[in-house]
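In the numbering used here, the protein residues as written are 1454 to 1585. Using N, Cα and C, we set each Cβ at its ideal position, and we do this for glycine too. Some notes on the structure that comes next.
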């Protein structure tokens, strides 16, 4: 099983979401951005690194919000979604081709990566204006 992080970045009740580019695994699927944890790397360090590499942003990582297990045809993952805040940088998409700020109900209408669905459902079930 691969351990994967995902960022829950909120701004005024909207959440950051990005679509995987056409040459990537899960191309065309929307996701809460993040990536695979490398050997010896903490969850926070992984998420900070991935946000810098994939989006060009610096971040402050908070607590784990929810985890989701999913078995894709390429393997089993445990997705660890963590609160995150953008603290610097300018968006530069490298593995995504589009991004948006949406409410949880809007996110659930997208072609969302299956492992990310429980994260969006959790956000919808909680107060969307509550800072996490």
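Residue 1521: member of the beta strand (DSSP E) spanning 1510-1525, first to last residue.
Excluding sequence positions up to five before and after residue 1573, its CB lies within less than 7 Å of the CB of 1557, 1560, 1561, 1565, all in the same chain and listed in chain order. With the rule of 3 Cβ pairs closer than 8 Å, the region 1536-1544 counts as touching the region 1502-1521.
Straight across, the Cα-Cα distance linking residue 1579 with residue 1491 is about 31 Å.
For the pair residue 1571 and residue 1542, the Cα-to-Cα distance works out to about 29 Å.
Ranked by how close their Cα comes to the Cα of residue 1487, the residues 1533, 1479, 1466, 1552 have 1533 in first place. Note on geometry: alpha-carbon atoms of residue 1473 and residue 1551 lie some 8 Å from one another.
Residue 1471 sits away from residue 1525, with the two beta carbons spaced by 9 Å or more. Here residue 1478 has 1527 as same chain residues with Cβ atoms under 8 Å from its own Cβ, once five neighbours each way along the sequence are excluded.
In the DSSP assignment, residue 1458 forms a beta bridge with 1488, 1533. Looking at the backbone, the Cα of residue 1522 and that of residue 1531 are separated by about 4 Å.
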